[in-house]
Every structure is written in structure tokens, then in C-alpha cells.
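Working notes, beginning with the structure itself.
Number of protein chains: 2
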Amino acid sequence: MHLTRRDFSKLTAMGITAELLSSKPAFPAQPSGKKVGYAIIGLGRIADLHMQGIHASPNSKVTALVSGHREKAEKYAAQYGIAASSIYSYETMDKLRANSAVDATYVCLPNSMHAEYTIRSAKAGKHVFCEKPMSTSVTDAEAMIAACKSANVKLMIGYRCHYETTNLAAIKLIRDGALGKVRSIQSAFGFNAGANEWRLSMPLAGGGPLMDVGIYCLNATRYLTGEEPAAFSAYSTNDPQDPRFNHPNSVEEDLVWTTKFPSGIVASCSTSYGANMQGYYRVYGSKGWLQVTEAFSYQGLHLTAEYERDAEKEADRTVHLDQLNPEKIPHQFVNEADHFSRCILTGQTPQSPGEEGLRDMQYIQQIYKSAGIKMA
Amino acid sequence: MHLTRRDFSKLTAMGITAELLSSKPAFPAQPSGKKVGYAIIGLGRIADLHMQGIHASPNSKVTALVSGHREKAEKYAAQYGIAASSIYSYETMDKLRANSAVDATYVCLPNSMHAEYTIRSAKAGKHVFCEKPMSTSVTDAEAMIAACKSANVKLMIGYRCHYETTNLAAIKLIRDGALGKVRSIQSAFGFNAGANEWRLSMPLAGGGPLMDVGIYCLNATRYLTGEEPAAFSAYSTNDPQDPRFNHPNSVEEDLVWTTKFPSGIVASCSTSYGANMQGYYRVYGSKGWLQVTEAFSYQGLHLTAEYERDAEKEADRTVHLDQLNPEKIPHQFVNEADHFSRCILTGQTPQSPGEEGLRDMQYIQQIYKSAGIKMA
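Heads up: the protein sequence lines correspond to chains A and B, in order.
According to the numbering used here, the first sequence is numbered sequentially starting from 50.
According to the numbering used here, the second sequence is numbered sequentially starting from 50.
Below, the structure written as C-alpha cells:
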């Protein structure tokens, strides 16, 4: 398959998304007109992006806010036309149950609070969209799934890349066999964390760069292969001279791990809070390779590939792809909102349900164990 | 340090080479006029390149040939002006001892033959340049070092990258602190091996892609960090449906490994005989990163880097480097010949002596052990 620019833009169709990642048929058309109403819990940077995405989507709208900062909430309420009576504090948010304009919540809080607010949302009878990482422990992830099941509400984890055009194009190339048999993957994602950030503390953050950004590499090795890891091996290090990382409560600074998949694919990944690592992956197969740079960014994703194919003319036998994705913020957030709203409107299970987040939590636990890191 | 194009070309000076990698003072000027004479053992592809390099160097010349193919040897003899009496077979090569035009040998044979011909060269009283990997076992590597020591001849292993401009520029950036504290390295090198090649057989090759090309990544993590690895962890896989890799005598198809260095640097590397992997490395530090693509190729090496530095103007604070090395084949081979000849003429130890090759053999043994691979 030679993916042209035209094919590339066709992939934005959400039906393709579902098919590619879950091998399920495309979603049926949604009932027209109805928009799913969302309460946003936590008004940080990622919440702002999600509100932009919801607002720009055809089937979603922001109808309530939950925040500890009333002024900030009022500013957003004015922006999105939300009634003052639909602004809640963390103490009053359980009253969401009575708000019929709210079908679902968006949990955009720090990681260690995901479990509590997902469970409270479920108990209020609302569907839940929860940012990644789903939680800071396997136990919490299991409790979140159980709470949503028990309340008969849907749970979707914010794996943006599952709904993102360039990542889907990479997956499609692999599934179509363009690279032949995939043999090996390399990936990295990391950044230089600021001093005194809550994310540097194991009790507050629940985990370090693996849980925060390395999870993108981990999840990518799974969606690129379509397989579940069979084994992990990992090393981590902390600079004893760096005050960010040399105390007993510190998260890991650098972590590298290797994964073995059942089919024989191997992967090696790196993450860091001590160095900037542009997010990327390379996939090596028997017939060629592909690379995505800025693979986990909100925009600027860039796919390059080179592979051999059958063709009459020799000049046509090697395919070179070089595709810079022109989509801009908040495109990926629109895709996420659109997908979850369709699921709610049509009764489908999200492509990245709670079980997907739980699996990553289980793998993170295995990687930390191999590296000798005790989770909080 | 901002490495300009001019700085870059200055690095070709061999004095810098020695200083960078070994922290020894630059070599003294060599006695003028004298050229070191080499006997080339084995006339395959790499030998052709080495002969071009020797011929183009200011202090070296090809003076004898050892080959099982008389016709091929005669062709090269005509090209390089070698007397018919200086063409030897593998059976007669020990007569090199009596040939005063030969100071040293170049061992360019398949890996499993390196030990025997290095030891025979030493016994003939000749210095030895031996291609990498030095041998196919730690025991052989030790025997080669002992034989050269006992014969009082020098032994250099063909680690081209130790004498190559772009790799030296990367090392210099790191040593000068441009990247801050190095935290993590990723590297890969592999190719899709042809069916029925001798390299696919463990008894013939002594090892798979790790020993053949992965050794470049392994050695790079050592010269980039300037440290010796503290621990290795590895996975390998073979496709059970691929006749190249599904028999009991097969070498590994794919291998990934992670390394931990004493200072806390971690590295993750990949190698393969089942997929093409362009040789590259990325080095991530606290102040920035660098990447070299085609890092282990004979030409076309490309250094990119981005790092922060102190500067008055904000616009000067981020340095972007993008340097495509214009040097062409056989440049790297000239550097190797020039270095070894200087060592012979001035009595210095080569920058990549037998002990350097032995260390890699020991590390390869550890990586194979971790992956559960039994060396021949």
C-alpha cells in the first residue's frame, strides 16, 4: 500500500479509527442533533485543551465545571456559556447527579486524584473520560473499572494517540503489511522536569517519567504491534548530585526498558525527567521501516517510511514516505470528544476503555519491579 | 562550545583523535619519509577499502598480499605495484617473516579466522591490524593479545569510528559539556541478511548481528560515555517461520539490550539480521541532545544537535547544529592506516588496541548470557 496524502487525510474518518485499533466494525451513524454534555473536573492546561476539543466537536458541549478556583471557573463559564448554577467545587461535585445537562465528566486532575474523581463521577451516574495515566496503582484502576461497571456508565481513558491521524497511519501501514514482518521497535519520550514540581515526589505523583510520559512509548509498542507484552526488563538511575532526584521520596530520573512480544517482536524504550527526549518511535520490519517524530505531541507529527513492495518497474519498488501532519491544536482533542460522545450516543464501548488503562498500569508495575522501584 | 564547520574539519587532525578518546597527549611528529609496509590477509570487500586507505595515507603502503585466490591477488598486485614474490597463500604466509618490506598485516578475514591469522602474523614478527569483531570468543581475544605481547608486536582492532570525524565531533561535544550531564543513549544498527549466508550459522560466524553490527552500538555507548558498562539485560528472538533463523545452529535474529553505566547513564540498543536498521545513536543530556545518523557508515554521517548554553542574548542561548559530513570513501580507512602506521613509527600504543576488542568480547558474552544465547 502506498499511502498518499489523500489516503492520509481520509484516515481522519473516525470509522477507520475504530476498525484499525479494535478490529470492530465502524460505528453506526449517530442520532443527529443530540450533543453530549460534559462536566470538566479540574481546570489546568489539559482541561483547557479538552474544552476546546469538546467545543469544536459536532456532538459534544461543555455544560458544567468542577474546580477549586471559582474565578477561573467563572471565566470559562462565560467563555462556554455555562450557567453559574453549573459551577461546582470539589466538595459539591456529587450534586452533578441532579444536573440533567451533564451526561459525562472529564477528569483532568493530577494523576493521584484520577481514581477518586472517576469513582465519584460514576456514583453520580455520569459516564467518565479520564486522562492517562488512568491511576497510580493497579488496585485503583481495578476499583475505577468496577465503579463504572456497577453504575452502568462508560469509562474512556485519554489515549489521544488512538484517535490521532499520524499514529493511525503508522498502524495502518503496519497492519497492511507494508513493512513486512515487524521485528523491532525503538521509542523514547522524556523531558527535563522543573525543580520542586509535585511530579518529582513519589507519594504525590505515584510514579516518575514512566507513568507520566514513558507510558506513551509503552502504549505505542502495544498499538503498533497489536500484541500484549510477554516480558519486561528495566534499569533506572537517579543522579545522586541532583537535588531533584537524590532524596528518598524521589521518583526515578531515567528509565530504559526492553519488551518481548509473543510473536517475537522486541522493543527498547527510554524515558527521563532529567533530559529532553522528543517523543518518537521507529518500527523495523522485514520489508522496511517507519519513524514518527513528535509522535506524542499535540501537533507537528511527522511520519517517514521506506519500504519495498512488488512493482513491475524497478523504480516503483521502493516507497519513500515523508508526511508532516498539518493538523493543529485542538484537532486531537476534538477526535477524543467526538469518539466518546458517539460511544455514549450509540451504546458502544470506547476504543480505549478502562481495561486499556489497567493493562498499562499492570505493565508499569512490572517495569518498576524489574528496575527495583517500589511503587507508592 | 559551538562547533563550526571550521572546527569540524579541524578535528580530522589525528592528534585530536588520540586526545579525545584516550586523554593521552597528541602523538609526536612521525619520522619523515618512512612508510609502513602492509601485507593484506584476505581480499574481500573490506580489504579493498583498507588497501585504498593505506594507499592514500601519507605513511603506509601495501607491500604484500595473502589470499586463496591467486588471480585476484595478481590483479591487486598489479594495481599497487607489488612483486609476484610478495603474494602468499594461506599455507605459505608464515614466510612473511623473511619479507623485510612487510612491517605489519591487515587481517580482513571472516570473524572466526581472526584469531588464527593474528597469532600467525605475530609469530611471523609482524604488527597486526585486525578487523572488528576482534574474535568470536573471549578466550581467542586473550590468546591474540598474549601472542602479540610475546612477539613484541602491536595489535590494533579496526574500530573505524574511533578515527572518524563526525563520531569524534559528537564525543567532543559531550566531553566539552555541551549536553550537560549525559543521562541516556539510544542506538540501533542492523540489516536484513541474505539467505544461506555463512553469517547465519552460529558455528561459522560465532555470533549473530550483535557481534557483526550491534558491536558498533555497544562500542558507541562506551566511547560516547567514556565509561565501562556496569550491567546488561537483553532479549533476543528468532522468527520460527523464517528458514534463516529457525534451525538449531542459527544465530539470533533480533536482539535488544539495555546497559547501566557507573555514573548513572543508561542505554538501550537494538540490532537485527531480520530488518534494515540504519545505524544511529541519540544522546540525551541535561542541557540538550545530539543525534548521528548513518553513524557507522563509510560516508554520509550526519550530526544534529540542540542544546542550551549561557549567552547574553536570548537568541544565542539555544544552539542548533546540522552537519552532514562531506568526507567520502576511503577517508575513514586512510585515518585508520595513518594512525596505526604512526604508532608503529613512533612506538605508541594504538588508540584501539587488543584490550579494547577484548572488552567488547566480554560484554558481548554478558549480553548473550542475559538473552539466553549460548556462544559457539
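No residue lacks a Cβ here, since even glycine has one placed at the ideal position from N, Cα and C.
Beta-carbon neighbours of residue i, restricted to chain A and to distances below 7 Å
i      : result
G323/B : R232 and S335
Q128/B : Those do not exist, as Q128/B stays about 32 Å from chain A at its closest Cβ, beyond 7 Å.
N268/B : By Cβ distance, chain A contributes nothing, its closest Cβ being about 17 Å from N268/B, past 7 Å.
N241/B : S335
S426/B : No information on residue 426/B is available, as it lies outside the stretch 50 to 425 that chain B covers here.
S106/B : Result: empty, since nearest Cβ-Cβ is about 35 Å, beyond 7 Å.
N-terminal and C-terminal residue of the beta strand (DSSP E) that residue i is part of
i      : result
F238/B : V231 to N241
Q411/A : Not the beta strand (DSSP E): Q411/A falls in the alpha helix (DSSP H), residues G403 to A420.
K309/A : D303 to K309
S149/A : Segment: none, S149/A is in no beta strand (DSSP E) and carries neither H nor E.
E140/A : Unbroken run through E140/A: none, as it is neither H nor E.
S346/A : Note, S346/A: premise wrong, no beta strand (DSSP E); not H, not E.
K110/B : S109 to V115
A244/A : Neither: A244/A is in no beta strand (DSSP E) and is coded neither H nor E.
L439/B : Lying outside 50 to 425, the shown extent of chain B, residue 439/B is not represented and no answer is given.
C318/A : V315 to S321
L204/A : L204 to G207
F427/B : The shown model of chain B, from 50 to 425, leaves out residue 427/B, and the question about it has no answer.
G86/A  : V85 to I90
E363/B : It is not in any beta strand (DSSP E) - E363/B carries neither H nor E in the DSSP assignment.
V177/B : H176 to E180
Environment of residue i [buried if 16+ CB atoms lie within 10 Å]
i      : result
L158/A : buried
H388/B : buried
T367/B : exposed
T270/B : buried
S72/B  : With a pLDDT of only 42 at S72/B, under the threshold of 50, the placement of this residue in the model should not be trusted; the figure read from the coordinates follows. So S72/B ends up on the exposed side.
N268/A : buried
A147/B : exposed
M142/B : buried
A75/B  : Per-residue confidence for A75/B stands at a pLDDT of 44, beneath the threshold of 50, marking its modelled position as unreliable; the derived number appears in the next sentence. So A75/B counts as exposed.
P252/A : exposed
H296/A : exposed
K309/A : buried
N160/B : buried
S106/B : buried
P258/A : buried
T117/B : The question names Thr, yet the displayed sequence has Gly at residue 117/B. The residue in question, G117/B, is exposed, as its Cβ has fewer than 16 Cβ neighbours within 10 Å.
I416/A : buried
P77/A  : Low per-residue confidence applies at P77/A: pLDDT is 47, beneath 50, and the placement is therefore not dependable, though the value from the model is reported in the following sentence. Result: exposed.
G82/A  : exposed
A280/A : exposed
Q327/B : buried
Start and end residues, alpha helix (DSSP H) containing residue i
i      : result
I103/B : R94 to A105
K121/A : R119 to Y129
Y333/A : From DSSP, Y333/A is part of no alpha helix (DSSP H) but of the beta strand (DSSP E) over M326 to G334.
F382/A : H380 to T395
E191/B : V187 to S199
K221/A : T214 to R224
M251/A : M251 to A254
E165/B : H163 to K172
Chain-ordered neighbours of residue i on chain B, where CB pairs are closer than 7 Å
i      : result
T286/A : K309, G313 and V315
A237/A : Q235
S149/A : In chain order: nothing, as chain B lies at least about 51 Å away.
Neighbouring residues, chain A, relative to residue i (Cβ below 8 Å)
i      : result
W306/B : T307 and S317
S346/B : What S346/B touches in chain A: nothing, since even the nearest Cβ is about 16 Å away.
Neighbour list for residue i in chain A, Cβ cutoff strictly below 9 Å
i      : result
D303/B : R232, S233, G313, I314, V315 and Y333
Under 9 Å by beta carbon: chain B residues contacting residue i
i      : result
W338/A : A324, N325, M326 and Q327
S299/A : Under the 9 Å cutoff, chain B gives no residues; its nearest Cβ is about 13 Å from S299/A.
Per-residue contacts from residue i into chain B (C-beta, under 8 Å)
i      : result
S186/A : Residues of chain B passing the Cβ test: none, with the nearest at roughly 25 Å.
ask   = Contact between the segment 147-167 of chain A and the segment 191-201 of chain A: three or more CB pairs below 8 Å?
value = The segment 147-167 of chain A makes contact with the segment 191-201 of chain A: 3 or more CB pairs, one atom from each, lie closer than 8 Å.
Validate contact between the segment 389-397 of chain A and the segment 209-229 of chain A using beta carbons, cut 8 Å, 3 pairs = no
query = So, do the segment 173-185 of chain A and the segment 406-417 of chain A have three or more beta carbon pairs nearer to each other than 8 Å?
reply = yes
ask   = Which runs of the alpha helix (DSSP H), 4 residues or longer, sit entirely within the segment 257-286 of chain A?
value = 264-274
query = Okay, do the segment 415-425 of chain A and the segment 270-287 of chain A touch, 3+ Cβ pairs below 8 Å being the bar?
reply = yes
inquiry  = For the structure I just gave you, are there three or more beta carbon pairs, one from the segment 82-92 of chain A and one from the segment 364-380 of chain A, closer than 8 Å?
reply    = no
message = Does the segment 194-213 of chain A come into contact with the segment 129-139 of chain A, if we say contact requires no fewer than three beta-carbon pairs (one atom in each stretch) closer than 8 Å?
response = Taking 8 Å as the limit for Cβ pairs, the verdict is that the segment 129-139 of chain A does not touch the segment 194-213 of chain A.
ask   = Between the segment 229-246 of chain B and the segment 309-318 of chain B, do at least 3 Cβ pairs fall closer than 8 Å?
value = yes
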